[in-house]
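Enquirer:
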Amino acid sequence: MFLHSDANAFYCSVEQVFRPDLTGKPVIVATNNDGAIAALNCEAKALGLKRGQPIFEVRDLIEQRNVTVFSSNYTLYADFSTRFHSIVGACVPRHEVYSVDEIFASLHGMSHLIDYQEFGRELRQNVLQQTSLTCGVGIAPTKTLCKCATAAAKKYRKTQGVVVLDDPQRRDRLLALMDVSDVWGIGKRLASRLQAIGINTALDLANADTRFIRRYIGVTVERTVRELRGEPCFALDDNPPSRQQIVVSRSFGEKIIHFEDMRQAICAFTSRAGEKLRRNKSYASAITVFIQNSRYNPHSAYFSALRTLPLSATQDTRDLINTARKALDLIWTPGIQYTKAGVMLSDIGDGREQLDLFSENKPGKNSQALMQLMDTVNQKQRGLLFLAGEGIQRGYKMKQQWLSPCYTTQWKDLPVAWLK
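When we follow the UniProt record's numbering, the leftmost residue of the sequence shown carries the number 1, and every step to the right adds one.
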């Protein structure tokens, strides 16, 4: 059996943990630069708000219905994500982090030790007690059925947040209620093709002829059909392959016209990419820097430039920043109002490549120990240690008008209770 858990309205719920006065009230979280709706809770959805809507288009509704808006606080969300995954992971023998607010787990060999329904309830209670977040729990013979079960656990209150699909009849009743577009891995485009041949529900898909599906739709959907029947085809991926690229980019809240501001931004993005690289225990052999202005500005021509430079396989932020600065020097054009920039690390491997004797990026003495120290300190308080190139007074900040404090990672943002 597999388990899947998905936190409810994750971004909004994290914000509400420290704002209990917002319980039962509409809340939305904005995208970068407060441009559009990135996430919203049930109360906001009930007002007709939708993910992806530009904030300026719904500003009147937001003000009229007293909708609380938060800027994206990725530091806070990442910390809660780690806590959520750790709590679930501690209760199971193997697990797979699927996304910031989702996790799969294997319950293989535990059937004689636990009652699945009770286990799911205890897991939900642990998450609630330790994070104040609610989540749905689905338990089933396959990962696809787990996703179906979790969706039902979040949708139907009578389930109390836990659905176990260990009975074929119960499984089929649930699948008959699900639109085929809601099945994991199907999506709107595939759903349209399936609906055109009379497959409208998840149960229709489960009952489809596998040979026909394989021939006319594809092998991946055939595996989904088998999974819906209770036949495992997608294994638990507890050792995911190394990422082939790491990209860190931002749209700026205010246009950048000065080289020094752009240099600091590129250095900061490169430092963040380096952290991700080391977290994956990987090394990069190439780095790309790109800068651009807005293609929608009628008063200036669109400009975009990028440059890729090679590296000797490294995960040292100092090497990455030195090369990124060289790339920026080659593409910088003055007189342009830049709105976006980014860094991409590529040619990623495990670092066993033979070193180039003439490379300028040979690993420095104590490189690994220094980077490990930086990562350890910054995990406790992001931005406490950084390289000088990132700047102290930074002129490239995103627009974050409604940013909440980093309650769990910054001492200065710790909530204070007064006893009178």
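For each residue, glycine too, the CB sits at the ideal point set by N, CA and C.
Express the C-alpha separation of LEU165 and ARG171 in angstroms, rounding to a whole number.
Expert: Reading the sequence shown from its first residue, position 171 is the one you call residue 171. Reading the sequence shown from its first residue, position 165 is the one you call residue 165. Approximately 6 Å, taken between the alpha carbons.
Enquirer: In terms of residues, what are the limits of the alpha helix (DSSP H) holding LYS147?
Expert: Here residue 147 corresponds to residue number 147 of the sequence shown, with the count starting at 1. Note, LYS147: alpha helix (DSSP H), 143–155.
Enquirer: Do the segment 152–159 and the segment 122–142 touch if we need at least three Cβ pairs shorter than 8 Å?
Expert: In short, these stretches touch, since the Cβ pair count reaches three.
Enquirer: Would you kindly report the start and end of the unbroken beta strand (DSSP E) that includes LYS326?
Expert: Residue numbering aside, residue 326 sits at position 326 when the sequence shown is read from its first letter. Careful: LYS326 lies outside any beta strand (DSSP E), inside the alpha helix (DSSP H) at 317–331.
Enquirer: Residue 423 to GLU102, Cα distance in whole Å?
Expert: Since the displayed the chain opens at 1 and closes at 420, residue 423 lies outside it and no answer follows.
Enquirer: Ordered along the chain, which non-local residues of its own chain (more than five positions away) have a Cβ less than 6 Å from that of VAL100?
Expert: Along the sequence shown, read from residue 1 onward, the residue named residue 100 stands at position 100. The residues are SER81.
Enquirer: Candidates LEU330, LEU345, VAL289: which alpha carbon is nearest ASP316's?
Expert: As a first step, residue 316 is located in the sequence shown; it is residue number 316 there, counting from the start. Considering only alpha carbons, the answer is LEU345.
Enquirer: Name the two residues that bound the continuous alpha helix (DSSP H) containing PHE212.
Expert: On the sequence shown, position 212 is the one that residue 212 refers to. That run of the alpha helix (DSSP H) goes 210–216.
Enquirer: Kindly indicate which residue of TYR77, ILE55, CYS42, LYS50 has the alpha-carbon position closest to the one of PHE18.
Expert: Mapped onto the sequence shown, residue 18 falls at position 18. The candidate whose alpha carbon is nearest that of PHE18 is TYR77.
Enquirer: Can you give me the Cβ contacts of ALA7 inside the same chain, cut-off strictly under 7 Å, excluding the 5 residues immediately before and after it?
Expert: For the purposes of this step, residue 7 is taken as residue 7 along the sequence shown, with counting starting at 1. Here the set comprises SER13, PHE84, ASP101, LEU133, CYS135.
Enquirer: With 16 other CB atoms within 10 Å as the buried threshold, where does GLN146 fall?
Expert: The residue given as residue 146 occupies position 146 in the sequence shown. Note that residue 146 is Cys in the sequence shown here, rather than Gln. It counts as buried.
Enquirer: Spell out a yes or no on whether the segment 105–123 and the segment 62–73 are touching, meaning 3 or more CB-CB pairs, one atom from each, closer than 8 Å.
Expert: Judged by Cβ distances under 8 Å, the segment 105–123 makes no contact with the segment 62–73, as fewer than three pairs qualify.
Enquirer: Which residue's Cα is closest to the Cα of ASN33: THR270, PHE303, LYS255, SER300?
Expert: In the sequence shown, counting from the first residue as 1, residue 33 sits at position 33. Among THR270, PHE303, LYS255, SER300, the Cα nearest to that of ASN33 is on LYS255.
Enquirer: Taking the alpha carbon of ARG59 as the point to measure from, which residue in GLY35, ILE199, THR75, ASN41 has its own alpha carbon closest?
Expert: Numbered from its first residue, the sequence shown carries residue 59 at position 59. Minimum Cα distance to ARG59 is reached at GLY35.
Enquirer: Who are the near neighbours of ARG214 in its chain, counting only those whose CB is closer than 7 Å to its CB and skipping five residues on each side?
Expert: Here the question's residue 214 lines up with position 214 in the sequence shown. Excluding sequence neighbours, ARG214 sits near GLU222.
Enquirer: Who are GLN292's beta bridge partners in DSSP?
Expert: Within the sequence shown, the letter at position 292 stands for residue 292. In DSSP, GLN292 forms a bridge with SER304, LYS340.
Enquirer: Name the DSSP bridge partner or partners of ASP179?
Expert: Within the sequence shown, numbered from 1, the residue matching residue 179 stands at position 179. Beta-bridge pairing links ASP179 to THR201.
Enquirer: Work out the CA separation of LEU3 and ALA235 for me, nearest whole Å.
Expert: Here residue 235 is taken as the residue at index 235 of the sequence shown, counted from 1. Here residue 3 is taken as the residue at index 3 of the sequence shown, counted from 1. Cα to Cα, ALA235 sits roughly 12 Å from LEU3.
Enquirer: For ALA417, does the count of other Cβ atoms within 10 angstroms reach 16, so buried, or fall short, so exposed?
Expert: Walking along the sequence shown from the start, residue 417 turns up at place 417. With fewer than 16 other Cβ atoms within 10 Å, it is exposed.
Enquirer: Between GLN130 and VAL163, what straight-line distance do the alpha-carbon atoms span, to the nearest angstrom?
Expert: Within the sequence shown, the letter at position 130 stands for residue 130. Within the sequence shown, the letter at position 163 stands for residue 163. GLN130 and VAL163: Cα-Cα distance of roughly 22 Å.
Enquirer: In whole angstroms, give me the CA-to-CA distance for ASP237 and SER404.
Expert: As a working note, residue 237 is residue 237 in the sequence shown. As a working note, residue 404 is residue 404 in the sequence shown. Looking at the two C-alpha atoms, the distance is approximately 34 Å.
Enquirer: By the DSSP assignment, the alpha helix (DSSP H) with VAL127 in it spans what residues?
Expert: Position 127 of the sequence shown holds residue 127. First-last of the alpha helix (DSSP H) with VAL127: 116–131.
Enquirer: Throw me the rounded Cβ distance for the VAL248 and VAL343 pair, which I believe falls under 8 Å.
Expert: Position 248 of the sequence shown, counting from 1, holds the residue named residue 248. Position 343 of the sequence shown, counting from 1, holds the residue named residue 343. The Cβ separation is near 5 Å, so the contact holds.
Enquirer: Taking only three categories from DSSP, how would you classify residue 476?
Expert: Only positions 1 to 420 of the chain appear in this structure, which leaves residue 476 out of reach.
Enquirer: Once DSSP output is grouped into helix, strand and coil, what is the label at ASP101?
Expert: Walking along the sequence shown from the start, residue 101 turns up at place 101. Correct three-state label for ASP101: coil.
Enquirer: According to DSSP, is PHE80 part of a helix, a strand, or is it coil?
Expert: If you number the sequence shown from 1, residue 80 lands on position 80. PHE80 falls in the helix class under three-state DSSP.
Enquirer: Leaving out five residues before and five after ILE197 in sequence, what residues of the same chain have Cβ atoms less than 6 Å from its Cβ?
Expert: Position 197 of the sequence shown, counted from the first residue, corresponds to residue 197. Same-chain partners within the cutoff: there are none.
Enquirer: So which of LYS276, ILE291, PRO232, CYS42 has the shortest CA-CA distance to ARG250?
Expert: Counting from 1 along the sequence shown, the entry for residue 250 is found at position 250. Among LYS276, ILE291, PRO232, CYS42, the Cα nearest to that of ARG250 belongs to ILE291.
Enquirer: Alpha carbon to alpha carbon, how far is LYS326 from GLY24? Give it in angstroms, no decimals.
Expert: For this step, residue 24 is matched to residue 24 along the sequence shown. For this step, residue 326 is matched to residue 326 along the sequence shown. About 52 Å.
Enquirer: Using DSSP's beta-bridge definition, name the partner residues of ILE96.
Expert: Against the sequence shown, residue 96 aligns to sequence position 96. Per the sequence shown, residue 96 should be read as Glu rather than Ile. GLU96 is bridged to PHE104.
Enquirer: If we ignore side chains and look at the alpha-carbon of each, how far apart do THR314 and PHE259 end up?
Expert: Residue mapping note: residue 314 aligns to position 314 of the sequence shown, counting from 1. Residue mapping note: residue 259 aligns to position 259 of the sequence shown, counting from 1. If I take the Cα positions, the gap works out to 26 Å.
Enquirer: Under a Cβ-count criterion, where at least 16 other Cβ atoms within 10 Å of its own Cβ denotes burial, should TRP184 be classed as buried or exposed?
Expert: As a working note, residue 184 is residue 184 in the sequence shown. Buried, by the Cβ-count rule.
Enquirer: Can you tell which of LEU320, ALA176, TYR302, MET371 has the C-alpha that lies nearest to the C-alpha of TYR338?
Expert: Here residue 338 is taken as the residue at index 338 of the sequence shown, counted from 1. Among LEU320, ALA176, TYR302, MET371, the Cα nearest to that of TYR338 belongs to TYR302.
Enquirer: Would the beta-carbon of LEU320 fall within 7 Å of that of THR270?
Expert: Within the sequence shown, residue 320 is the residue found at index 320, counting from 1. Within the sequence shown, residue 270 is the residue found at index 270, counting from 1. A contact, by the Cβ cut-off of 7 Å.
Enquirer: With a threshold of 8 Å on Cβ separation, who are the neighbours of ASP179 within its own chain once the five nearest residues in sequence on each side are excluded?
Expert: Sequence index remark: in the sequence shown, residue 179 carries index 179 (1-based). The answer, listed in chain order, is ALA191, ASN200, THR201, ALA202.
Enquirer: Any idea if LEU123 is buried or exposed, counting beta-carbon neighbours within 10 angstroms, 16 or more meaning buried?
Expert: In the sequence shown, residue 123 corresponds to position 123, counting from 1. By the 10 Å Cβ count, LEU123 comes out buried.
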